[in-house]
Structures are given as C-alpha cells and as structure tokens.
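Undergrad:
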Amino acid sequence: MTRVFNFSAGPGTLPEEVLLRAADEMLDWHGSGQSVMEMSHRGKDYVSIAEAAEADLRTLLAVPDGYHVLFLQGGASLQFEMIPMNLIQGRAVADYIHTGEWAKKAINAAKGLADVNVAASAEDRSFTYVPAQSDWRRSDNAAYLHYTANETIGGVEFGGIPDVGDVPVISDMSSNLLSRPLDVRRLGLIYAGAQKNIGPAGLALVIIREDLIGIGEPAPPAMLDYATHAKARSLYNTPPTFAVYVAGLVFQWLLENGGLVAAEERNIAKARLLYDYIDGSDFYLNPVDKADRSRMNVPFRLANTELEADFLAGAATNNMVELKGHRSVGGVRASLYNAMPIEGVQALVDYMADFEAKKG
Ligand code: PMP
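If you count the sequence shown from 1, position 70 lands on 70 in this note's numbering, and the numbers rise without skipping.
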C-alpha cells in the first residue's frame, strides 16, 4: 500500500494514526460488537463518544463556560445563512470584512437576511492582504462583525482576532480552526466545516456564546435555530455520528501530540519551509503580503504558467496529489493542514527544486 501526500484543501488529509484507529475499531467499537456507524445516536455508547469529543475539543481550545459547542450538518455554507437568521433582529446591520472568495459567499448569503455593510474590502489589490483595522468603516450599531479567518482559496489569513469592543465577532474558521491556540473568549461565534482540519465531511462545528442564542427576530425555523441544537445538545435529530466519532479521534490525537501550542509550532515550520523556498526562487510566485500569508493554504504560480500542468502531473507521479489551485483561480495550491507531516512539505520542496532545475 502506498499512501500519497494529499495537499487537498478539503476534504483534506487526516492523521494516519486516526485512520488506523478507526479501521481497528470499525467492526467492533470497544466490545460493543458493532461499528460506530451502526449505533443508535441515543444509545449510551454514541452519547459517550460525542461527550468525549466535545470535552476534548473544549480542552484543546480552552472553551470557557458560557459557550455551547454544536455538532451540526449543512457545512460552513449553512452557517453563512444561520448566522444572520439567528443574530439579526428585524433588519439590523451586520458588518463584514471582505477578504476573498469565502468572505464573498458569506456576504452574499447574508444580504437577503440583514443589511450588510462591507466594512472593508481587499478587492483593490485582488484580495492579497488583510485590510488594516484602522481603515475599516464599521457601522455604529452592527449586530455583529463577520470575518473569514483564513481564505482557503486566496491563501490570506488573519494573524489575530479583530478588536471591535462589544460587537460580537463571528469567525469562519473552516480552514484554520485547531491550527493554533485561540482565545475563544474574544469571539461570539466560531464556525467551521470539519473536512479540512477537524475530520470527515458532513460535520460542521459551531462554538457560540450563550447570550447569542435565541435572539433572532423572527425566530428561525427549528432546524435552523441554534437554540434548538443547544437545548438538545446536538441530538435534536440524527447527527453525523461517524464524522463526530472521527473528529473526536482527531481531537485525541492533537491532545496526545502537545495540543495546539505544538500544532502551531509544526504549522509554522511547515509554512516557513514552503514560503522560504518560493521566495528564494524566481520560478515560483506567491502574491500575498508576507504578514497575511496563510499557514494552511499556500497558493502559488509558476512564473511560466504554461509549465503548471506539467508540474502537477509530475507531482502526482511522485505521490503528491491535489495540488491544483481552486478551479476559480488555477495555478497551484498546497494545503498544509495539521495532519500534513513536515516530510510531505519537504518532499514537495525537493520536487519543486528538481522541477525548477530541469525546466528553469
Ligand atoms: N468557508 C471556508 C473558509 C471554506 O474554505 C469553505 C469550504 N472550502 C467553506 C466556507 C464552505 O464549507 P462547506 O463546503 O462545508 O459548506
């Protein structure tokens, strides 16, 4: 069996230890005689799995009391709509920071549900930077401020959490949650699709401050209301049980490997290895301002874009797959989520040097 280095932006690579453990427990979870996939979601076995997953996530992120952790479905995309539905009263204003493709999707989804104020946009420089907070034009009475912590396509990442006083800060952390320690207290709501840094597709994570639950006017339909899921502890209807189980194994893996402090150190080292190589060569180019570059998704171009198809094909024959840039932008993109070992990044850099030597 050959396992490839999978640089996909999502669904992304998962830790091999987690996959082996899931395989080992596939037919008989802890002597239950059944797979987690076959269990009743209301039985004590599954409930213990979900409770352990939540407890481990709370430990990893030091989630304070007064925040609910919700395991939902519908991906991060449903959150684009649930957020305004749940946090807006009538037609209040919501501030959005526009940093690229995913911010745009969040903005467009909110437009029908709130008065959206785009408080800052990086469009003037093709979304290659995070607009300085001193230039934001926030509204006086925003129900919340939304930002996309990491633009998976553009490769632009916020270095910290915006400071906007009492306005609840909402963050799409789909592609960088768990990549570094986080001060949850400074956020009103965090959401993420699981299929990048957390676990399998089909699960979305929401961490929400209690006072933001149950305030939407009009109240959203039950399935779209955070209050429903908080009250039922994510068991209002059948949750994505197997995805929650695998995410729980990922949380355990992170805890066993030094938590988020150690994860951040590994992620800094991996990102530095790749960016340093790109910056040291005229053959490869990354357009993002250095301070705002993503540690998770590294998009780059070859100076001669005609060589990109060759580059990708050669990478695949060397067991490095899913390096093609997003279909909307082309080029190359390497996603370096927690489960990508530094050996994978080293193999990529070695291949890049080799390709450059041959074709440069
Ligand atoms: N936000 C970001 C930053 C993303 O990268 C993605 C998925 N690529 C989404 C939202 C949408 O996630 P989903 O497919 O889970 O709806």
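Each residue gets a CB set at the ideal place from its N, CA and C atoms; glycine is no exception. Please read all numbers here as calculations on a predicted model, not as lab measurements.
Please classify A94: does DSSP put it in a helix, a strand, or coil?
TA: Correct three-state label for A94: strand.
Undergrad: If I measure Cβ to Cβ from A103 and keep anything under 6 Å in the same chain, skipping five residues before and after, which residues do I get?
TA: Answer for A103: T148, listed in chain order.
Undergrad: Keeping to the same chain, check which residues put their C-beta closer than 7 Å to that of G248; ignore five residues upstream and five downstream.
TA: I49, A52, A53, D56, listed in sequence order.
Undergrad: Would you report the Cα separation of G160 and S35, rounded to the nearest angstrom?
TA: Distance between the alpha carbons of G160 and S35: 41 Å.
Undergrad: Just the Cα atoms here: how many angstroms apart are L145 and D172?
TA: Looking at the two C-alpha atoms, the distance is approximately 11 Å.
Undergrad: Below 8 Å, can you find three or more Cβ-Cβ pairs linking the stretch 340-354 to the stretch 150-168?
TA: The answer is no - the stretch 150-168 does not touch the stretch 340-354, with fewer than three Cβ pairs under 8 Å.
Undergrad: Within 10 Å of its beta-carbon, does T13 have 16 or more other beta-carbons around it, so buried, or fewer, so exposed?
TA: T13 comes out buried.
Undergrad: For the candidate residues R91, P287, E16, whose alpha-carbon lies nearest to that of T129?
TA: One detail in the question is off: residue 129 reads as Tyr in this sequence, not Thr. Among R91, P287, E16, the Cα nearest to that of Y129 is on P287.
Undergrad: DSSP state of G193, grouped into three classes?
TA: Reduced to three states, the DSSP call for G193 is strand.
Undergrad: Return the first residue and the last residue of the beta strand (DSSP E) that N117 is part of.
TA: Start and end: 115-121.
Undergrad: Does the Cβ of T59 have 16 or more other Cβ atoms within 10 Å, making it buried, or fewer, making it exposed?
TA: Per the 10 Å Cβ criterion, exposed.
Undergrad: List the endpoints of the continuous beta strand (DSSP E) containing A204.
TA: Element bounds for A204: 204-209.
Undergrad: Give a yes or no on whether the C-beta atoms belonging to G331 and V250 are separated by under 8 Å.
TA: No, the Cβ-Cβ distance between G331 and V250 is not below 8 Å.
Undergrad: Would you report the Cα separation of K359 and N6, rounded to the nearest angstrom?
TA: So the alpha carbons of these two residues sit roughly 24 Å apart.
Undergrad: Can you check DSSP and say which residues form a bridge with Q70?
TA: Position check: residue 70 holds Leu in this sequence, whereas Gln was assumed. DSSP, once it has assigned bridges, lists V206 as partnering L70.
Undergrad: Would you decide whether T305 is buried or exposed? Buried here means 16 or more other CB atoms lie within 10 Å of its CB.
TA: Under this definition T305 is an exposed residue.
Undergrad: Given the structure, does S174 come close to the ligand PMP, in the sense that its CB is under 7 Å from one of the ligand's heavy atoms?
TA: Answer for S174: yes, Cβ within range of the ligand PMP.
Undergrad: Is the stretch 59-76 touching the stretch 115-122 in the sense that three or more CB pairs, one from each, lie closer than 8 Å?
TA: Cβ pair count under 8 Å is below three, so no.
Undergrad: Taking the alpha carbon of E264 as the reference point, which residue from S40, A110, L336 has its own alpha carbon closest?
TA: Closest option to E264, Cα to Cα, is L336.
Undergrad: Below 7 Å, is the gap between the Cβ of N150 and the nearest heavy atom of the ligand PMP?
TA: Checking the Cβ of N150 against the ligand PMP gives yes.
Undergrad: V244 to V47, Cα distance in whole Å?
TA: Going by the C-alpha atoms only, they are around 11 Å apart.
Undergrad: Helix, strand or coil for R125? Go by DSSP, reduced to three states.
TA: R125: helix per DSSP, three-state reduction.
Undergrad: How long is the line joining the alpha carbons of N197 and E81, rounded to whole angstroms?
TA: Near 22 Å, if we compare the C-alpha coordinates of E81 and N197.
Undergrad: Is there at least one non-hydrogen atom of the ligand PMP closer than 7 Å to the beta-carbon of A263?
TA: Checking every heavy atom of the ligand PMP against the Cβ of A263, none is found closer than 7 Å.
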